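One rule links them: number in the numbering used here = place in the sequence shown (from 1) + 1. Glycine is no exception: its CB is placed at the ideal position from the N, C-alpha and C atoms. Quick caveat, the model's predicted, so the values are computed rather than measured. Working notes, structure below.
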Amino acid sequence: MVELTPEVAIKMYETMLKIRRFEETIRDLYYEGKKPLFNIAAGPLPGEMHLAAGQEPAAVGVITHLRKDDVVVGTHRSHHLIIAKGVDLRRLASELLGKKTGLSRGKGGHMHLFDATIRFSCSGIVGASWPQATGAALAFKMRKLDSVAVAYGGDGAANQGTFHEALNLAALWKLPVIFVVEDNKWAISVPKSKSTAILRNSDRAVSYGIPGVFIPDNDLFAIFEAAKEAVDRARKGLGPSLIEIETYRFYGHFEGDPQLYRPPKEIEELMEKDPILRTREALVKRGWLSEDEDMRIKEKVEREIRDAIEFALSAPYPDPREALFDVFANPPTEATGVPDIGLPKGERPLPMYKAIQEAIAQEMERDSSVFVMGEDIGVYGGIWSETAGLIDRFGPERVRDTPISESAFVGAAVGASALGMRPIVDLMFADFIGATWDQIFNHLAKDHYMSGGQVKHPVVLMMAVGGGYSDAAQHSQVLTATFAHVPGLKVVFPSNSYDAKGLMIQAIRDDDPVVYLFHKGTMGLPWMPYPETAITHVPEEPYTIPFGKARVVREGENVTVIATGLMVHRVLEAAEILAKEGISVELIDPRTVVPLDKKTITNSVKKTGRLLVVDEDYLSYGLTSEIIAVVSENALEYLKAPPRRLAVPDTPIPFSPVLERFVIPSVERIVDEVRSLVKKP
């Protein structure tokens, strides 16, 4: 525990000076080349710039109590936080200038700062820090470490749903996390009085049964004492705390902000209450700081800042081709074009839901960092029985029932995976991603890239897709293309039990986030209809199926049909009908949509000369058009007829069975499409 000694107090003062002088120097540099007409892209320092001048005590007073192994997750305004955590100023300055020597080699910039060596990250998305720090704290607790996570956010971020979801989750699981609200009175231009229904955000702590502390007037020493107690509480396993700090920013929300919303007198009054000057006066008054010592500290800080800026200005920019690197931790390798033919033979048929259970159980036995969390996955075993029995084997620590707080537990998976855990997150239905899309789209998929390869997120997002059961528009979507369109996500879609197990094990072992889709109609559940061809032999021993390697389900000569999920089985049924008419169908199941086995698809079309893509996702801008584009680019001259596609029309899935059957591709329509395609000259 850190106590307030003269040495500690002087070190805090020095760090505050370093933060201020760094930002003042960066601010001057930022405006070079931008005047007289302000141009955000001009000058040596591009993009937006959000400065924290005035908020230094909120960083220093808390982070002084942290160790290097503790985690801090910040906001878009985080220079003060990362400097207080101990960043190399040269690398920080280089990142702000977009240089090769930057923290992320110029891929993150000032709103997306990552430094794995000091366990710091921040985000340009308001409210993202709360669940991610909660996830880091979950990792610490599961590994029985006494490390602590701290999440920072502004008073505006405390109105995000993620704030309340994360506080509830952290309190429920007694996680070692501290939530710090920097109340600078403004959420961009909206005053707190017009955005928050209560006077103090710290009062919200009572709703979750945790301590809530309000620190008035930007008081460094009061922050220090409150943080000491919160950190001590967290290290002892007593759970989270909420600290609200009344602070302020000297400048606008961003550089170039005209601040028409803020009276000039308010800014003048804030400048008169400069926390650095007040801290200096307090130290002198206590006899802890002399004029000579103060001068020595300031000279030291100036040397550090000058060195960092000179280093960054002289550093090279990255090679432009580096823009293409770091999308994945394990970049997909190009398929050999030698697909799997058929399925292994054996006498152990398993329904898909049991194959998924077995895969997860074997990986949990093999690797203690693997755990499962989601709604109703414990005693209930998941609504698709995909986690049935796991809680009996591994207990509630590793098979975690969560509140209905998708943003919180997906965000927690982001934070936990960054520290080496391997979460499997059960989202029930793919339709529910709307509640958690920010954490998937902006963080899970992008952090490895924005961090320049420092951060890995080995997370499996498991969810059911597909219609056919009158669940209507919000429980029946497939959404393959939605996930596949986002760089950084791998997308897996097994159609049978053998593939389900092998792809799940591969997904768990992969260092990238994997979206694992399973169709309800292929799970083999006794209370739902399913095709017999979905239940296949599954070896008992663990095995993997490489991503990006398609399977030729049925060999043929006249037409290539590409399908995923339940559509594989409908095409199989259609192929039997067509065979009686002398039409030979070659059916290919990609198994993974990202990466896609383009070679197997192309080689098949070169052989047959015809292509039909069948998909249960929406027609436009989806997998059907992507596969047709691949074939057009690589085998156009081999086509004997224009390629065709069959998918759900661009309409939500309707409720009535009559309407639903009309929009989802059927065996009959597949047969008709193939007949029409083969008859074309």
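Check                                                                                                             : Outcome
Residue(s) in a DSSP beta bridge with Glu587                                                                      : Thr561
Helix, strand or coil at Gly416 according to DSSP, with G and I counted as helix                                  : helix
Sequence-distant residues of its chain with Cβ nearer than 6 Å to Thr481 (five each side left out)                : Val594, Asp618 and Leu624
C-alpha distance - Arg92 paired with Glu226, whole-angstrom precision                                             : 31 Å
Beta bridge counterpart(s) of Ser122 as assigned by DSSP                                                          : Val74 and Phe115
Nearest neighbour of Glu305, chosen from Val493, Leu612, Pro655 and Thr16 [CA to CA]                              : Thr16
Meets three-Cβ-pair contact criterion under 8 Å: the region 629-639 and the region 429-443                        : no
Enclosing alpha helix (DSSP H) for Lys491 [first to last residue]                                                 : Run containing Lys491: none in the alpha helix (DSSP H); it sits in the beta strand (DSSP E), Lys491 to Val493.
For Asp29, three-class secondary structure by DSSP                                                                : helix
C-beta contact flag for Ser130 and Gly55 at 8 Å                                                                   : no
Under the three-state DSSP convention, the category Ile546 falls into                                             : coil
Cβ pair count under 8 Å reaching 3, the region 146-165 against the region 178-189                                 : yes
Closest by C-alpha distance to Ile246, when choosing among Val214, Ile11 and Leu678                               : Val214
Secondary structure of Glu335, DSSP reduced to three states                                                       : coil
Buried versus exposed call for Trp528 [16 or more other C-beta atoms within 10 Å across all chains shown]         : exposed
Coil, strand or helix - Glu247 by DSSP                                                                            : strand
Where Glu4 falls, given that 16 or more other Cβ within 10 Å makes a residue buried                               : exposed
Bounding residues of the beta strand (DSSP E) (the contiguous stretch that carries Pro321)                        : Careful: Pro321 lies outside any beta strand (DSSP E) and carries neither H nor E.
Residue ranges of each alpha helix (DSSP H) within the region 391-465, 4 or longer                                : 391-399, 407-418 and 448-451
Three-way DSSP call (helix, strand, coil) for His520 in this model                                                : strand
Spatial neighbours of Val207 in its chain, beta-carbon cut-off 8 Å, leaving aside the 5 residues before and after : Gly213
Inter-residue CB distance, Gly99 and Gly107 (contact presumed, cutoff 8 Å)                                        : 4 Å
Extent of the continuous beta strand (DSSP E) run through Ile506                                                  : Here Ile506 belongs to no beta strand (DSSP E); instead the alpha helix (DSSP H) covers Ser498 to Arg510.
Candidates Ile11, Val232, Glu24 and Tyr249, of which the one nearest Trp187 by Cα                                 : Tyr249
Ile425 versus Gly347: straight-line alpha-carbon distance, rounded                                                : 29 Å
Three-state secondary structure assigned by DSSP to Gly382                                                        : coil
Element boundaries [beta strand (DSSP E), containing Ile179]                                                      : Val178 to Asp184
Straight-line Cα distance separating Arg662 from Ser677                                                           : 21 Å
Strand pairing of Val214, partner residues [DSSP]                                                                 : Ile244
From Ser370, Leu176, Asp89 and Gly257, residue whose alpha carbon lies closest to that of Lys237                  : Leu176
Beta-carbon proximity check, Leu462 vs Pro514, cutoff 8 Å                                                         : yes
Cβ-Cβ distance between Val191 and Ala152 below 8 Å                                                                : no
Gly525 in three-state terms, based on DSSP                                                                        : coil
Beta-carbon proximity check, Phe548 vs Pro596, cutoff 8 Å                                                         : yes
Other residues of its chain near Lys521: CB distance less than 6 Å, five sequence neighbours each side excluded   : Ala465 and Gly467
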